[in-house]
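Here's the structure we're looking at; comments come further down.
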Amino acid sequence: MGRATFDNFPDKFLSIEFPSVAQIPIFLEIDVYDDVQSFSLTNKSNNIGFGTDVSNNEKDIREFITETGSYEIEINTQSDGVLIKDIEIEDVRTTLIFNKIDFDFELRRVDDEGNRISNTATENLAETFVSTDNIRILFFQLEHYDLQNDGNTCGDIVWEVEGVTEDDGTVTEQNNGEEDVYEFIPNPINRPNQTGNGSRQPNTPIEYTVNCTILGLKRSFELEQDGKSVLRQEYIDYGTNWQPTRSEIFADDGDWNTGNYSNNGDFNVDAANYPYDSGYIAARGQNRFQEIWDQLLINYGNFCEQAGINNNGLTVNSSYRNPQRNNAVGSVLINSNHTIGHAMDVSLVGQRTSQRWNFLHNAGEQINGVNAICEIGPTQVSCDNPNVSHVHLAW
Ligand SMILES: [Zn+2]
Numbered sequence: 011m012g013r014a015t016f017d018n019f020p021d022k023f024l025s026i027e028f029p030s031v032a033q034i035p036i037f038l039e040i041d042v043y044d045d046v047q048s049f050s051l052t053n054k055s056n057n058i059g060f061g062t063d064v065s066n067n068e069k070d071i072r073e074f075i076t077e078t079g080s081y082e083i084e085i086n087t088q089s090d091g092v093l094i095k096d097i098e099i100e101d102v103r104t105t106l107i108f109n110k111i112d113f114d115f116e117l118r119r120v121d122d123e124g125n126r127i128s129n130t131a132t133e134n135l136a137e138t139f140v141s142t143d144n145i146r147i148l149f150f151q152l153e154h155y156d157l158q159n160d161g162n163t164c165g166d167i168v169w170e171v172e173g174v175t176e177d178d179g180t181v182t183e184q185n186n187g188e189e190d191v192y193e194f195i196p197n198p199i200n201r202p203n204q205t206g207n208g209s210r211q212p213n214t215p216i217e218y219t220v221n222c223t224i225l226g227l228k229r230s231f232e233l234e235q236d237g238k239s240v241l242r243q244e245y246i247d248y249g250t251n252w253q254p255t256r257s258e259i260f261a262d263d264g265d266w267n268t269g270n271y272s273n274n275g276d277f278n279v280d281a282a283n284y285p286y287d288s289g290y291i292a293a294r295g296q297n298r299f300q301e302i303w304d305q306l307l308i309n310y311g312n313f314c315e316q317a318g319i320n321n322n323g324l325t326v327n328s329s330y331r332n333p334q335r336n337n338a339v340g341s342v343l344i345n346s347n348h349t350i351g352h353a354m355d356v357s358l359v360g361q362r363t364s365q366r367w368n369f370l371h372n373a374g375e376q377i378n379g380v381n382a383i384c385e386i387g388p389t390q391v392s393c394d395n396p397n398v399s400h401v402h403l404a405w
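What the sequence shown shows, in the working numbering, is residues 11 to 405, in sequence order.
This is how it looks when you write it as structure tokens:
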């Protein structure tokens, strides 16, 4: 009777039509591998079962006395990825041989050239994306079994991508001509923007689950923005002129992002509610906050010493402001030097005299690349103005 295969490989249901010349009874010998856990046989033509397994406890052979007709066989395996095919049907004594094929795959994120994007010690490729990125997920086969040569092409791959929340939106596949790569651009909706009231809390991360099913085996790739990505996303949401790269996001323990995300300055206090670490700042090019602050203290101290007056110290009113916080504090200057990490507002501790404001102003001006102006609120004024509120340093 030759050889039969599953039509819908690797469908676990197999239909066998015995030819009319078959005699009664038919011995159906089923040769299985150890990890074929069980199977059941159903006589489709008259609903009569196969009857008793008459095999003599041989682990991989089951033997039944059958009648003629159509039969449907269901095989259950112990693990996913074990495919069963190649059925040999002999004459009256029929042997079904199930060849085990180990098959497995994983999903990988790749760049536009198809090169794998790998995790590093500090970067997780599943977390490093923003909504303007092309995300490409590759089906990557782990076992050696050659699907192509078996007549099974990558066309058998079924991709499915879903946002984790409604606000993640619905994505569509980009036609990249590659069957084994699913490419899409995130499509989040209801994003916060300049027309809102801002917030001192980070946004929730954008999340997608990419599912890939092939030959009955399903694997998933979970994408979820990390803290750096969430901060970068703010700049996209707000449509700022400058949008930080990942290398322009810096860890910050609260010194230069004061008051953001947490009301008491302890950035970890809300970790349970906002696990997307908010201890970050963005700074175009490089993060100069600490260096400029250190130099400012030295310069200001020198002026005080030369003038023979006490150095009562300086304090930072505001420095880095992420777009959300910038809105929350009522600033309409979304592209200000504060949001690009290039400004800080500094005040005097103690006596607020014109002499001291001028010292502070000049101390800032002495620093390479820094411009200093005296301000009342957002308005530039003379440093001799008795109501100066702070010196705005920008670089
Ligand atoms: Zn300022």
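Just so it is clear, CB atoms sit at the ideal spot from N, CA and C, and this is done for glycine as well.
With DSSP as the reference, label residue i as helix, strand or coil.
i: Gln305; result: helix
i: Arg256; result: helix
i: Trp367; result: helix
i: Asn381; result: strand
i: Val240; result: helix
i: Ala131; result: coil
i: Phe139; result: coil
i: Val124; result: In the sequence as presented, Val is not what sits at residue 124; that position holds Gly. Three-state result, Gly124: coil.
i: Gly173; result: strand
i: Ala293; result: coil
i: Ile167; result: coil
i: Ile145; result: strand
i: Asn221; result: strand
i: Gln421; result: This structure cannot speak to residue 421, because the chain is shown only from 11 to 405.
i: Glu315; result: helix
i: Gln151; result: strand
I'd like to confirm the pairing. Which residues does DSSP put opposite residue i in its beta bridges?
i: Ile350; result: DSSP lists no partner for Ile350.
i: Asp355; result: Ser328, His402
i: Gln390; result: Glu385
i: Phe231; result: Val220
i: Leu117; result: Phe149
Do you know offhand how far residue i's Cα is from residue j's?
i: Asp122; j: Val359; result: 54 angstroms
i: Ser128; j: Leu148; result: 13 angstroms
i: Pro198; j: Asp247; result: 10 angstroms
i: Gly351; j: Thr250; result: 13 angstroms
i: Val240; j: Phe150; result: 29 angstroms
i: Glu234; j: Thr349; result: 24 angstroms
i: Glu188; j: Arg146; result: 10 angstroms
i: Thr389; j: Asn395; result: 12 angstroms
i: Gly264; j: Thr182; result: 39 angstroms
i: Asn322; j: Ile344; result: 33 angstroms
i: Gly379; j: Arg298; result: 11 angstroms
i: Ile308; j: Ser328; result: 20 angstroms
i: Val342; j: Asn336; result: 8 angstroms
i: Leu227; j: Val168; result: 10 angstroms
i: Asp287; j: Asn185; result: Low confidence applies to Asp287: its pLDDT is 39, below 50, so where it sits in the model is not reliable enough to give any reading.
i: Ala136; j: Val401; result: 42 angstroms
i: Tyr245; j: Gln211; result: 15 angstroms
i: Arg201; j: Asp177; result: 8 angstroms
Hey, residue i and residue j are a contact pair by Cβ (cut 8 angstroms); roughly how many whole angstroms apart?
i: Ala292; j: Ser209; result: The pair is not a contact, with the Cβ atoms about 16 angstroms apart (cut-off 8 angstroms).
i: Leu117; j: Phe231; result: 4 angstroms
Using a Cβ-Cβ cut-off of 8 angstroms, state whether residue i counts as contacting chain D.
i: Glu183; result: Of the protein chains in this structure there is only one, and it is not chain D.
Chain-ordered list of residues that sit, by beta carbon, closer than 6 angstroms to a heavy atom of ligand 1: His348, Ala353, Asp355, His402
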